[in-house]
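Asker: Residue numbers (the working numbering), protein chains in the order written: chain A, 1 to 192; chain B, 1001 to 1192.
Note that the Cβ used here is the ideal one computed from N, Cα and C, for glycine as well.
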DNA sequence: CCTACCGATCGGTAGG
DNA sequence: CCTACCGATCGGTAGG
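1) Under a Cβ-count criterion, where at least 16 other Cβ atoms within 10 Å of its own Cβ denotes burial, should residue 186/A be classed as buried or exposed?
2) Considering only the beta carbon of each residue, do residue 1127/B and residue 1071/B sit closer than 8 Å?
3) Using the C-alpha atoms, what's the distance from residue 66/A back to residue 84/A?
4) Examine chain B for any beta-carbon lying closer than 8 Å to the beta-carbon of residue 188/A, and answer yes or no.
5) Could you compute how far the alpha carbon of residue 1106/B sits from the alpha carbon of residue 169/A?
6) Quick check: the Cα distance between residue 1141/B and residue 32/A, rounded to an integer number of angstroms?
7) Are residue 51/A and residue 99/A touching if we call contact CB-CB under 8 Å?
8) I want to verify the contact list: residues of chain B whose CB lies under 9 Å from the CB of residue 24/A, in sequence order.
9) Whose Cβ in chain B lies nearer than 9 Å to the Cβ of residue 178/A?
10) On the DSSP bridge assignment, give the partners of residue 1141/B in chain order.
11) State whether the stretch 1117-1125 of chain B contacts the stretch 161-179 of chain A, with contact taken as three or more CB pairs (one from each stretch) at a distance under 8 Å.
12) Within 8 Å (strictly less), CB to CB, does residue 112/A reach chain B?
13) Would a check of beta-carbon distances place residue 184/A closer than 8 Å to chain B?
14) How should residue 155/A be labelled, buried or exposed, when 16 other C-beta atoms within 10 angstroms of its C-beta is the threshold for buried?
15) Looking only at its chain, what residues have a beta carbon closer than 6 Å to the beta carbon of residue 1097/B, apart from the 5 residues adjacent to it on each side?
Take a look at the structure:
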């Protein structure tokens, strides 16, 4: 279980890592932000790598929870896709620091952690692939390379972490709506 | 002008940086790959930052060249978009190492280099925005937030550097075609 | 949570 | 292109 202090350390680390990257955030930087000495951090966390792991896996598990919910609750593929995108964007925009780290720094996870992370990511992607498959089965979506389609979709969703700000002009819901309509219909006007 | 040795250093660095990231590629690693001592590198390049700069700016200038060509040669917005995407993917897939570094490590450019890079990137994005604008003017594309649309498009294109391999089953042209049709028409079947 | 400290590694320079 | 080396910084530990 995570103590209050652990949570505070992880949160502060996420903010610093977003700003400067994982390697360019030293334990001394993190300690300074918390107004303690670097060595004191080790009473709460065992290593720098542990921090990255905590951030990436927290976000990963929230993503997985949300895709399961969507696939459980809704029946229609278009609605499922709409809700999956909305949940995804909501998570990215509510956890701006951690989600940024999740998207951009997961490659720096070490050995076993990295493998475990990739496995979780694959589970999430499979959740999206199911939706695309449903859409095809329903005759609603074009037949496409599902894996290719899902990864293209997710890359455009994840790009949101690069620019989203709570002070910006678009709400999470608006962003999700725009992305959904783009993903469903593309740029082209429907032929009349 | 770049000497043969400089080119070799940059190429080798791009390959190592793709594999391990910029911070995790030391000048000693690079020197070892070239079978010389780290200090010898400094006879050819002035600093580690200089290497990253060379890679990012080489790719940036090729992108800009290609978007200008596309906007010059073609007239129809759909064709322009198709060719812009094809050129983009061709570049990513022909320069796999440097393009990967361009996409993933540009944030580690320092001060002035970073600003200059962002300016170049903005020029490129404007080139794509022009195409989307053309498409709207021609009544071919939906009216959209152009900047938002272009960044969404580019994020899905750039994701290709994460997985493309020359030994893979898809050619650059096939990848470009799939992405183009997705970007133009989305997942949904056209209404009859 | 701190003081004091370690070994390792880094980018880079001097001088040849 | 190499030998020899520098100062800085890193993640982390010992011991209290």
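Answerer: Well, looking at it:
1) Classified as buried, residue 186/A has 16 or more neighbouring CB atoms from the shown chains inside 10 Å of its CB.
2) Yes, the Cβ-Cβ distance between residue 1127/B and residue 1071/B is below 8 Å.
3) Our two residues, residue 84/A and residue 66/A, have alpha carbons roughly 7 Å apart in a direct line.
4) Yes, because at least one Cβ of chain B sits closer than 8 Å to the Cβ of residue 188/A.
5) Going by the C-alpha atoms only, they are around 27 Å apart.
6) Going by C-alpha positions, residue 1141/B is about 52 Å away from residue 32/A.
7) No, these two residues do not count as a Cβ contact at 8 Å.
8) Those are 1023, 1108, listed as they occur along chain B.
9) Around residue 178/A, the beta-carbon contacts reaching into chain B at under 9 Å are 1144, 1145, 1148, 1149, 1152.
10) Beta-bridge pairing links residue 1141/B to 188/A.
11) Contact check between the stretch 1117-1125 of chain B and the stretch 161-179 of chain A: fewer than three CB pairs, one atom from each, fall below 8 Å, which does not count as touching.
12) Not an interface residue.
13) Closer than 8 Å to the CB of residue 184/A there is at least one CB belonging to chain B.
14) The residue is buried, with at least 16 neighbouring Cβ atoms inside 10 Å.
15) If we look at residue 1097/B and ignore the five residues flanking it on each side, its Cβ neighbours are 1014, 1015, 1018.
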